[in-house]
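What follows is one structure encoded as structure tokens, with my remarks underneath.
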Amino acid sequence: MQRAQAAPVKYRKQLKNLAVEQMAVQALFERALRQRAPFAWGDMFAPELVSTTHKRLFRGASDTERLSDGSIMQPGILRSGTGQNVVVGNHDAPHASAVDGMLQHLQAGFGRQTDPRRQLISALAYHHRLAWVHPFADGNGRVARLVTHLQLVSLGLKPTLWSLSRGLARQHQSYYSVLTMADRRREGDLDGRGQLSQRRYFEFIEFMLQVCHDQVDYMTAAVNPSQLRERVIRAFRYNEKLQQQGIRPESAPAIVALITQGSLPRNEIKTFTGLSSRLAIDELSRLVKVGLVESRTPKSRIVTPGLPAWFAQDIFPDLHRRFQ
Numbered sequence: 001m002q003r004a005q006a007a008p009v010k011y012r013k014q015l016k017n018l019a020v021e022q023m024a025v026q027a028l029f030e031r032a033l034r035q036r037a038p039f040a041w042g043d044m045f046a047p048e049l050v051s052t053t054h055k056r057l058f059r060g061a062s063d064t065e066r067l068s069d070g071s072i073m074q075p076g077i078l079r080s081g082t083g084q085n086v087v088v089g090n091h092d093a094p095h096a097s098a099v100d101g102m103l104q105h106l107q108a109g110f111g112r113q114t115d116p117r118r119q120l121i122s123a124l125a126y127h128h129r130l131a132w133v134h135p136f137a138d139g140n141g142r143v144a145r146l147v148t149h150l151q152l153v154s155l156g157l158k159p160t161l162w163s164l165s166r167g168l169a170r171q172h173q174s175y176y177s178v179l180t181m182a183d184r185r186r187e188g189d190l191d192g193r194g195q196l197s198q199r200r201y202f203e204f205i206e207f208m209l210q211v212c213h214d215q216v217d218y219m220t221a222a223v224n225p226s227q228l229r230e231r232v233i234r235a236f237r238y239n240e241k242l243q244q245q246g247i248r249p250e251s252a253p254a255i256v257a258l259i260t261q262g263s264l265p266r267n268e269i270k271t272f273t274g275l276s277s278r279l280a281i282d283e284l285s286r287l288v289k290v291g292l293v294e295s296r297t298p299k300s301r302i303v304t305p306g307l308p309a310w311f312a313q314d315i316f317p318d319l320h321r322r323f324q
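Below, the structure is given as structure tokens:
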């Protein structure tokens, strides 16, 4: 969204629409994860998830939006289906006929982990390997970043309160540099056993971990109780979206408590609003609808905070300057 604001005027609307569509698709997948959980860890690496992610992200592409070779974007169709072979910079992507087998191999390898620490590493490692396979003719970066985000959601790491994608956007030059370096072939006998450089691969994973760490540290420091309370109260009084949805200013303390504590019983959220039982129920429904409260099911006993980008900018006003 910040890139859209900084772009030339003639591209600004297009980039803003792209960002809004990305957030809508992300929210859709997050909701599906909550409602259909638990997912097996291996399901988070399924080729079907990769295809569905691409289809959802690019289903609005028109026939006029052609790829560099003049072909039409085919949302959700792997290169094995289109028969397209691609070269990205210095990277000659695997042959189209190998894509299906490679995605299945990646799922079998990364999806078998059971220890949460290994699962986190496998999600970050898979990010590069998925980009390296380049399963689609175009749009692979957005797909890889969204799939990684969903894997972090599945691990319960609350990436709605901090954002790997935001960190990567702020360090995009370093991100693309380590991503590209991890494409390099093995550099000597001590550099792993596969075709690609193990050392460069480890450097990429370390970079991704550091971005996660920096984002979590920033959000931890940003959630200063007194300042947070003041900003949330101000947002509930003046934010146009909240006003349009009929959200009451009395609900602000409930959101402050939810953000600082991470989760709360549904009944406690109602109590924090100070409203009558009936009004509190209706108010909670509206908070869920706008994305400030997340509930796995309509009657889940425990609810968690949501942090849509439009609200995050209100309560963390210097968020866009992080990593610049």
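Numbering-wise, UniProt numbering puts 125 at position 125 of the sequence shown, and it's gapless, one number per residue.
Idealized CB from N, CA, C, for every residue including glycine.
Residue i, DSSP secondary structure in three states
{"i": "Val-153", "result": "helix"}
{"i": "Arg-185", "result": "strand"}
{"i": "Leu-292", "result": "coil"}
{"i": "Val-223", "result": "coil"}
{"i": "Val-86", "result": "coil"}
{"i": "Leu-196", "result": "strand"}
{"i": "Pro-265", "result": "strand"}
{"i": "Asp-191", "result": "coil"}
{"i": "His-95", "result": "coil"}
{"i": "Gly-141", "result": "helix"}
{"i": "Leu-146", "result": "helix"}
{"i": "Thr-241", "result": "In the sequence under discussion, the amino acid at residue 241 is Lys, which differs from the Thr named in the question. Three-state result, Lys-241: helix."}
{"i": "Val-61", "result": "The amino acid at residue 61 is misidentified as Val; the sequence shows Ala. Note: Ala-61 maps to coil in three-state DSSP."}
{"i": "Thr-297", "result": "coil"}
{"i": "Phe-136", "result": "coil"}
{"i": "Gln-113", "result": "coil"}
Residue i: first and last residue of the uninterrupted beta strand (DSSP E) it sits in
{"i": "Ile-72", "result": "Run containing Ile-72: none; DSSP gives neither H nor E here."}
{"i": "Ile-302", "result": "302 to 305"}
When the options are compared against residue i, the one with the closest alpha-carbon
{"i": "His-134", "options": "Leu-190, Leu-103, Asn-239 and Leu-258", "result": "Leu-103"}
{"i": "Phe-311", "options": "Ile-281, Arg-237 and Ile-269", "result": "Arg-237"}
{"i": "Met-298", "options": "Pro-308, Ala-309 and Asp-282", "result": "It is worth fixing the name first, because residue 298 is Pro in this sequence and not Met. The option with the nearest alpha carbon to Pro-298 is Asp-282."}
{"i": "Thr-114", "options": "Leu-155, Val-143 and Glu-48", "result": "Leu-155"}
{"i": "Arg-286", "options": "Gly-262, Leu-264, Ser-163 and Lys-241", "result": "Lys-241"}
{"i": "Asp-100", "options": "Val-88, Lys-158 and Thr-82", "result": "Thr-82"}
{"i": "Ala-137", "options": "Gly-109, Val-147, Tyr-176 and Pro-94", "result": "Pro-94"}
{"i": "Asp-92", "options": "Asn-267, Ala-131, His-54 and Arg-59", "result": "Ala-131"}
N-terminal and C-terminal residue of the alpha helix (DSSP H) that residue i is part of
{"i": "Pro-253", "result": "252 to 261"}
{"i": "Gly-42", "result": "No alpha helix (DSSP H) holds Gly-42; DSSP gives it neither H nor E."}
{"i": "Phe-58", "result": "47 to 58"}
{"i": "Tyr-248", "result": "As written in the sequence, residue 248 is Arg, which differs from the Tyr given in the question. That residue, Arg-248, is in no alpha helix (DSSP H); it is neither H nor E in DSSP."}
{"i": "Asp-100", "result": "99 to 110"}
{"i": "Ser-122", "result": "116 to 133"}
{"i": "residue 355", "result": "Only positions 1 to 324 of the chain appear in this structure, which leaves residue 355 out of reach."}
{"i": "Leu-275", "result": "No alpha helix (DSSP H) holds Leu-275; DSSP gives it neither H nor E."}
{"i": "Ala-169", "result": "164 to 170"}
CB of residue i within 8 Å of CB of residue j, strictly
{"i": "Ile-259", "j": "Val-223", "result": "yes"}
{"i": "Ala-186", "j": "Ser-197", "result": "According to the sequence provided, residue 186 is Arg. The question's Ala does not apply to it. Closer than 8 Å, so yes."}
{"i": "Met-181", "j": "Arg-200", "result": "yes"}
{"i": "Leu-152", "j": "Ala-123", "result": "yes"}
{"i": "Leu-284", "j": "Gly-306", "result": "no"}
{"i": "Leu-120", "j": "Arg-145", "result": "no"}
{"i": "Ser-277", "j": "Val-288", "result": "no"}
{"i": "Arg-112", "j": "Gly-188", "result": "no"}
{"i": "Gln-107", "j": "Pro-38", "result": "no"}
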